[in-house]
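> Chains A, B, C and D supply the protein sequences, listed in that same order.
Under our numbering, think of the first position of the first sequence as 55, with each following residue one higher.
Under our numbering, think of the first position of the second sequence as 33, with each following residue one higher.
Under our numbering, think of the first position of the third sequence as 6, with each following residue one higher.
Under our numbering, think of the first position of the fourth sequence as 17, with each following residue one higher.
All C-beta atoms, glycine included, are put in the ideal place defined by N, C-alpha and C.
Sharing a structure with you now.
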Amino acid sequence: MINVGLDIGSQFVKTVVLKDRINVATCVDKLGSGSIETLVFDNYITALQKAGIEEKNVDYTVATGIGREFIGFADIQISEILCSTRGVNWLPPPTGFFLDMGMEKAIVVKNHDGKPFQSFRNDRCASGTGRYLDIAAKPLGLSVEEMGEVSLKSTKEISISSNCAVFAESEIISLIHQKEKTEDIVRAIFKSMASKVHSLILKMGNVKNLTMIGGFAKNVGLVKAIELEAGCEVIVPSIIDPQLVTALGAALIGSENEKTTASL
Amino acid sequence: MEEKFQTLIHSNDPENRNKWALEWKEQGHKVIGLLDIYVPEEIISAAGLLPWRITGTWDAAVPRAAVHRPSMTCRYCTHVLESFMNGDLDFVDGLVTTQIDDDFKRLYDVLNYIDKPGFLHIMYLPHTTSKTTLDMWKKSVNSFKEAIETYSGNKIDPDELQRQVLIYNKMRALLREVYELRKREVPALTGAEALGLTSAARIMPRELFNEQLEQLIPYLNERKIEKSDGKPRIFMGGEWLDHPGYVRLVENAGATVVMDEFDTGSQYFWDIVYDTSDDLLGALAKRYMMRPGLSRMAQWEMQANRNLAWMNEFNADGVVELRSLYSLPLDYRYLFMRKIYDNNNIFYLSLNREYHLSGQGMLQTRIEAFLEMVERKSRATSV
Amino acid sequence: MITAGIDVGSLSTKAVIVADGKPVGSGIVLTSPDTEASAANSMNKALQQSGLARNDILHVTGTGYGRINISFADKTTTEIACHAKGANAQNGLVRTILDMGGQDCKAIRCDEQGRVVNFVMNDKCAAGTGRFLERIADLIDCSLEELGPMSLQGVNKHLPISSTCAVFAEEDIRKLIRAGEDVNAILAGAFDSLAIRIQALIDRVGTEETLCFSGGVAKNVGIVTRLEKSLGLKIFIPIDPQIIGAFGAALIGWESMQ
Amino acid sequence: MKVQENAGLIYIKHEIATCERRIKRIKENPDPSKPQSNILLYEMERDFRIEQREACKTGKPVGIASMGGLTRAMGMVPWDAIMSADRTHGKAATQYFETIRKEGIPEHTCDRCSILIPMVQQGDFPKPQFTFMSNFECIPVLFAHAALCHTMDIPSFNIDIPIKSFKMDNDEEGLAYVVEQLREMVAYIEKTVPGTKYNEELLVELQEYDRQFLLEFRKLWKLKATIPCPLSGRESFREIRLPSMYPDPAKAVDYMRLYLKEIEERVEKGFSAAQPEEKLRLLWSVAGPFYDDPFSWLEQRGVSIPAAEMTVYNGWFSGREAMWGDPWPGRKLTPLEEEARQMDFVWGREGHYWVDTHLHSCRDLHLDGIIYFQQWGCPTSNSLGKVIADTAEKELGIPTLLIEGRMLESSMFDKKDFYGRLEEFTEICAAKKANRQTSP
């Protein structure tokens, strides 16, 4: 049985192909200014080619993510939270909660064997989402990916006093002018971001450990900062790219009897 | 002496803040946290407890408080809640507040819910001052007294209360004396130092504070702040401001801060308790309520008039008001104050600020440019 | 008498040298993490251009947000005072100055001698700053110069980008790009709301006679055209709007020496 | 901004036109899914606006921001700026906010309070001869009015209500305290506002109308418990005004009776607001994005909103708490005492009353979750959100969505983000409901 899950986020489109519920191929593409429909379809086809599967042999395709309405060819569209929860539930080791951090959202979800039972999201302000890092990285001339490694070199603790992403940027510029070391500034950025995530986790109540998915889970500096601030173990999936977990969940839901999906 | 003075005015710095409270507890007494300037502190002292004004954490991050309080709520309340939830205030045995505004009421509700600290009491405070509301406030003060008695297990002895009123009146007189020294052409202390002093008054055993300040007054009489020549004299407005960094900011921008309307400053001590003869509790209640008070009291004319009088006495050239974010009464009063100051041709700069020290760069530029304007005007008028 | 003014902004540092109040040389460099060095470099550039030597200069006034870091400045003053002074000196009719720099945007009201009588700054958010425009340029990958003209082509279709917060405004723009909207129309929407915010700033200080637009963004026709339309008056743009602050600083220094 | 008293009164003009248009539409081609009784409602609203417009012309005093009964008993026309501000969403709100930012009027407090100020100062809405405010209305409302009065020299009177509810505890002392202030206010009005005189007979008469109205309204509360819910979200959300606010109070009572009859008919027909069938029943609390239509969005996904906890007369409060003429231990209350009792409501009390209100509503109406709208700058509701969420989870096992937003000013509204959150939440409610039903 061939099941495909597609996750169209704000930045990337991801495809996961399952053969008899085993991950056989994946594909990630960055969204550009081109037409999303074609980009998604190419991404889908590439993944199938990688898996050496012809499109006509696909049994069931599930689309999810904020851009899911762009996918005409999917059999069903299912909300992100159902897919990500299902995906996380499939991952070892089992955890009761997970954090999904993307460019435009940060969400902590309570996973009740594959079903979302509670969730807390960043408030409307961008200072709690990946966007904050994106903005903060600019004056430092670093990419968000680079920041991760850099922060680990930090030896000095400084802090960023502004709660607003825009003002933080100005503050970072003056820190640079005060000749603070890049690694120390980056650490401060992660710390201030992590404290926002911390409060999402606190809203959940007593969280000992949680799985972290989404593109930012690959950022060692951020993960470390969150563990430090929130004082709980953050588990980043090793058996699959954390960015793909939602697409995986979509494929898994497809592989089950679609009637069980509680989608409204 | 200078050293003594410095130690005193830095009592509320994070590293020294809990010193007095902890010593007090070592002597087997209890500490009662306070937020606003309406809770009659004499009653707490008379019961053998230490009234201790709560300063919220000065850190930017408030992850625990953010669980309950969205970003757009009174920042002072948020930082206080953070300090309660992160353990900073575990040594505080009780908290007494008034429903000074909805944010404080809800802070009380949340503390009630998370069951911190052990003793929690909210006083009903009217926001208008009439005979009717004063009578109700007296009842509210009385039930507060009873609550304190039940909690502390000490029946408050009228003579002790009388004694405390005298101690507090003395503290008020002493602080008033120090503030008088700010009227001089070259004030004896800076605005930041004054804020440090009033903050110390609110966390130390008051008798001890009186002792220390009394010793310092002759010294302060001789003291002069360094070069204030030609600098505009500024009256500072605002509430819930306990971070001297903000006052220092105004002074570094080129001002001599000569007076304030802070609840953490002048308004804490300015008015004394009169005619304590027969009805002591009544006199107390009157002192705490029947005054211009904070912006949450719906009597902004009184407040405006008092500010104008102060500016006159202290010979201030302009007003710099730093409004704590999402402290609504002050945000609305700004519209009225702007009208009053305009009518009196007074330069008035009102800016929002965080509770913790933040955005100095942005504030600095605005304040400097404002001072450049004031300076020119004061020069023009002086010649 | 020779005096100099140095304006250390968050993005670029400018120096202007004046002889008896007349500009004789200027220099602009990008502000590096080492602001002290940037100030010195801009100064050297200005010296070269003016053919003067460092010790010809009797007085240096520092301004801009990095002013505190200029050790060789004899005095510092705010960019607000400098822009008023500089703009008014360039055109005696100027009573209102709009300055859009990298980090902020200010409307200044001055008297006939270029002295500040009132001012407002955008305290909320970077919508309306050079930095914001830079980020928009990044988003639709084009150069800062192209933004203005493009924004004037898309006016026929109105896309609301109303958010007062720079981050949200960017988010809006991203979504519109993703939705495949015409880039010019997007820019038109962004500039329309930008113009409204700037207009609000100007209204708060009021206008009479001439309004001068200074700062790096002043050359942006997208904003200028919209403002002239909404204000119903001709905007005076100095030949070199970027250096007005430094020029004003030099003048203030010169005055203080007399 | 130039202050221009009663210049244009464009708000009033616009409201009258809107009512006319709606009346016409219902008469010509009625929408079966909407109540026909709306005709009466729009006529009442129209006549109220006409009355206000005429008052401005003739100089008949306008005043008091709530308590229609007492206002009319004083010989004044009710002045409802705060409720009216709620109806300025969309383009109008955006324009007001341009002014608000320009003038430095607080913009990060409750929208309606910010808008209220330019709305009156620009003369779009009548300038009152007098206003009254109580500390129970909440800080933004209280001080927005204070700012308006202080900047426009409008005489005003503030009434203080004790935080410990005298109404719930039947506390004579608290009651007497508020009544005393009411008496002082009546005297103050007669002294400061020409052409006013307190008429107690009229007050009694108007209180009776309000009582009749609320008696019907209580029946409506019971009908809301029907599964599927016969009311649309918009109807639940409608801000009910008491008859005493309107020039023709009798008509208001007729309206409520007629509306009730229509809802009863819906129940018999088994009409469901949620389509295709009711999957979830949610409580909506505090405020909402009035410039958008989340209710239709929810209803199209099988979610009904039987009740909204936002003002006194929408939620559980009006269904259950004592009102005019209801018993008071040991004696009958005087008219002013009745007024005073109504002024003590859940909004201004200690937090646990507001928390309980939500639990009561959820129990009464068999709800599966709470959407708690944390409106920017609403200190009264904001910091109780998490307490309510935790309590509802603990006591009823139902989830709560805490969602931030503005009520009238839409520039910061991100549709995708907002409905993304609603969708997430409905998924969670469904999952938990399924779980509740499988595991008893």
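With DSSP as the reference, identify every bridge partner of alanine 324 of chain D, one or two as the case may be.
The sequence position of residue 324 of chain D within the fourth sequence is 308, counting from 1. D:Trp300.
> Going along the chain, which residues of its own chain have a beta-carbon closer than 7 Å to the beta-carbon of asparagine 174 of chain B, five neighbours each way excluded?
For the purposes of this step, residue 174 of chain B is taken as residue 142 along the second sequence, with counting starting at 1. Around asparagine 174 of chain B: Leu313.
> I want to verify the contact list: residues of chain D whose CB lies under 7 Å from the CB of arginine 209 of chain C, in sequence order.
Here residue 209 of chain C refers to the residue found at position 204 of the third sequence. In chain order: Lys118.
> So the candidates are D:Thr34, D:Ala89, D:Phe146; which of them puts its Cα closest to the Cα of proline 77 of chain D?
Here the question's residue 77 of chain D lines up with position 61 in the fourth sequence. Of D:Thr34, D:Ala89, D:Phe146, the residue nearest in Cα terms is D:Phe146.
> Of all the options C:Ala193, C:Phe137, C:Arg120, which has the alpha carbon lying nearest to the alpha carbon of glycine 227 of chain C?
By 1-based counting over the third sequence, the position of residue 227 of chain C is 222. Among C:Ala193, C:Phe137, C:Arg120, the Cα nearest to that of glycine 227 of chain C is on C:Ala193.
> Which stretch, first to last residue, makes up the beta strand (DSSP E) that contains threonine 230 of chain B?
By one-based count along the second sequence, residue 230 of chain B stands at place 198. Boundaries around threonine 230 of chain B are those of the alpha helix (DSSP H), 223-233, since no beta strand (DSSP E) includes it.
> Give me the subset of the region 387-405 of chain B whose CB atoms are less than 9 Å from a CB atom of chain A, sorted by chain position.
His388, Leu389, Ser390, Gly391, Gln392, Gly393, Met394
> Could one say the Cβ of threonine 169 of chain C lies closer than 8 Å to chain D's Cβ atoms, at least one of them?
Start at 1 with the first residue of the third sequence, and residue 169 of chain C comes out as number 164. For threonine 169 of chain C, at least one C-beta of chain D is nearer than 8 Å to its own C-beta.
> For threonine 92 of chain A, count the other beta carbons within 10 Å of its own beta carbon; 16 or more makes it buried, fewer makes it exposed. Which is it?
Numbered from its first residue, the first sequence carries residue 92 of chain A at position 38. Exposed: under 16 other Cβ atoms inside 10 Å.
> Out of curiosity, what's the CA-to-CA distance linking asparagine 144 of chain B and phenylalanine 116 of chain B?
For the purposes of this step, residue 144 of chain B is taken as residue 112 along the second sequence, with counting starting at 1. For the purposes of this step, residue 116 of chain B is taken as residue 84 along the second sequence, with counting starting at 1. Cα to Cα, the separation comes out at about 12 Å.
> Do the region 42-56 of chain C and the region 36-47 of chain D make contact, defined as three or more Cβ pairs closer than 8 Å?
Not touching, per the Cβ criterion.
> Against chain D, does alanine 205 of chain C count as a neighbour if the rule is that its beta carbon must be under 8 Å from one of theirs?
Numbered from its first residue, the third sequence carries residue 205 of chain C at position 200. It does: the Cβ of alanine 205 of chain C has a partner Cβ on chain D nearer than 8 Å.
> In or out: threonine 130 of chain B buried (at least 16 other Cβ within 10 Å) or exposed?
Working through the second sequence from its first residue, we reach residue 130 of chain B at position 98. Buried: at least 16 other Cβ atoms inside 10 Å.
> Excluding the 5 residues flanking isoleucine 86 of chain B on each side, which residues of the same chain have their C-beta closer than 8 Å to its C-beta?
As a working note, residue 86 of chain B is residue 54 in the second sequence. Here the set comprises Gly65, Leu66, Leu67, Val112, Ser115, Leu121, Val124, Leu127.
> Can you tell which of C:Asp25, C:Lys50, C:Arg136, C:Glu41 has its C-alpha closest to the C-alpha of glycine 32 of chain C?
One-based indexing of the third sequence puts residue 32 of chain C at position 27. Comparing Cα positions, the closest option is C:Lys50.
> One question on the structure: do leucine 417 of chain D and arginine 437 of chain D come within less than 8 Å of each other, judged by their Cβ atoms?
Here residue 417 of chain D is taken as the residue at index 401 of the fourth sequence, counted from 1. Here residue 437 of chain D is taken as the residue at index 421 of the fourth sequence, counted from 1. Against a cut-off of 8 Å, the Cβ pair of arginine 437 of chain D and leucine 417 of chain D comes out as a contact.
> Confirm, please, whether the CB-CB distance from methionine 203 of chain B to asparagine 253 of chain B is below 8 Å.
Against the second sequence, residue 253 of chain B aligns to sequence position 221. Against the second sequence, residue 203 of chain B aligns to sequence position 171. Cβ atoms of asparagine 253 of chain B and methionine 203 of chain B: not closer than 8 Å.
> From the beta carbon of methionine 423 of chain D, is the nearest beta carbon of chain A less than 8 Å away?
Here residue 423 of chain D is taken as the residue at index 407 of the fourth sequence, counted from 1. No, no contact with chain A.
> If I measure Cβ to Cβ from alanine 301 of chain A and keep anything under 7 Å in the same chain, skipping five residues before and after, which residues do I get?
Position 247 of the first sequence, counted from the start, is the residue given in the question as residue 301 of chain A. Closer than 7 Å at Cβ, skipping near neighbours: Gly59, Leu60, Asp61, Lys68, Thr69, Val70.
> Are alanine 254 of chain C and threonine 82 of chain C close, meaning C-beta to C-beta below 8 Å?
Indexing the third sequence from 1 puts residue 254 of chain C at position 249. Indexing the third sequence from 1 puts residue 82 of chain C at position 77. Yes, Cβ-Cβ distance for alanine 254 of chain C and threonine 82 of chain C is below 8 Å.
> Could you check what DSSP says for phenylalanine 389 of chain D in three-state terms: helix, strand or coil?
Here residue 389 of chain D refers to the residue found at position 373 when the fourth sequence is read from its first residue. Three-state DSSP puts phenylalanine 389 of chain D in a strand.
> Taking contact to mean 3 or more Cβ pairs, one atom from each stretch, closer than 8 Å, check whether the region 264-272 of chain B and the region 344-352 of chain B are in contact.
yes
> Interface residues of chain A around arginine 96 of chain B at Cβ under 9 Å?
Position 64 of the second sequence, counted from the first residue, corresponds to residue 96 of chain B. Within chain A, the residues near arginine 96 of chain B are His252, Ser253, Leu256.
> Identify, in the order they occur along the chain, each residue of the same chain with its Cβ nearer than 7 Å to the Cβ of leucine 85 of chain A, setting aside the five sequence neighbours on each side.
Counting from 1 along the first sequence, the entry for residue 85 of chain A is found at position 31. Closer than 7 Å at the Cβ level, and outside the excluded window around leucine 85 of chain A, lie Gln65, Phe66, Val67, Leu93.
> Roughly how many angstroms separate the alpha carbons of valine 204 of chain A and glutamate 225 of chain A, rounded to a whole number?
Walking along the first sequence from the start, residue 204 of chain A turns up at place 150. Walking along the first sequence from the start, residue 225 of chain A turns up at place 171. Computed Cα separation, rounded: 19 Å.
> Checking the sheet assignment: what are the DSSP bridge partners for histidine 64 of chain C?
Taking the third sequence and counting its residues from 1, the one referred to as residue 64 of chain C is at position 59. C:Thr8.
> When DSSP builds the beta bridges, which residues end up paired with glycine 126 of chain B?
Walking along the second sequence from the start, residue 126 of chain B turns up at place 94. Bridge partners of glycine 126 of chain B: B:Ile64, B:Phe151.
> I believe arginine 65 of chain D touches alanine 101 of chain D by the beta-carbon criterion, under 8 Å. Please report the beta-carbon distance rounded to the nearest angstrom.
If you number the fourth sequence from 1, residue 65 of chain D lands on position 49. If you number the fourth sequence from 1, residue 101 of chain D lands on position 85. No, arginine 65 of chain D and alanine 101 of chain D are not in contact; Cβ-Cβ is about 15 Å, not under 8 Å.
> Under 8 Å Cβ-Cβ, which residues of chain B neighbour asparagine 176 of chain A?
Numbered from its first residue, the first sequence carries residue 176 of chain A at position 122. In chain order: nothing, as chain B lies at least about 11 Å away.
> Do the CB positions of asparagine 22 of chain D and proline 178 of chain D come within less than 8 Å of each other?
Counting from one through the fourth sequence, the residue named residue 22 of chain D turns up at place 6. Counting from one through the fourth sequence, the residue named residue 178 of chain D turns up at place 162. Going by C-beta atoms, asparagine 22 of chain D is not nearer than 8 Å to proline 178 of chain D.
> Thinking just about the alpha-carbon of each residue, which of A:Pro147, A:Asn165, A:Ser246 is nearest to the one in aspartate 154 of chain A?
Working through the first sequence from its first residue, we reach residue 154 of chain A at position 100. Considering only alpha carbons, the answer is A:Asn165.
> Where does methionine 201 of chain D sit, in a helix, a strand or coil, going by DSSP?
On the fourth sequence, position 185 is the one that residue 201 of chain D refers to. Methionine 201 of chain D falls in the helix class under three-state DSSP.
> How many angstroms separate the CA atom of arginine 370 of chain B from the CA atom of glycine 182 of chain A?
Position 338 of the second sequence, counted from the start, is the residue given in the question as residue 370 of chain B. Position 128 of the first sequence, counted from the start, is the residue given in the question as residue 182 of chain A. Rounded to the nearest angstrom, the two C-alpha atoms are 36 Å apart.
> Considering valine 94 of chain B, what are the terminal residues of the beta strand (DSSP E) in which it resides?
Taking the first residue of the second sequence as 1, we reach residue 94 of chain B at position 62. Per DSSP, valine 94 of chain B belongs to no beta strand (DSSP E) and is neither H nor E.
> Quick check: what's the CA-CA separation for histidine 88 of chain C versus arginine 69 of chain D?
What you label residue 88 of chain C is simply residue 83 of the third sequence in a count that begins at 1. What you label residue 69 of chain D is simply residue 53 of the fourth sequence in a count that begins at 1. Their backbone Cα atoms lie some 50 Å apart in a straight line.
> For proline 415 of chain D, return the contacting residues in chain A, with the cut-off set at a CB-CB distance below 7 Å.
Position 399 of the fourth sequence holds residue 415 of chain D. Those are Gln172, listed as they occur along chain A.
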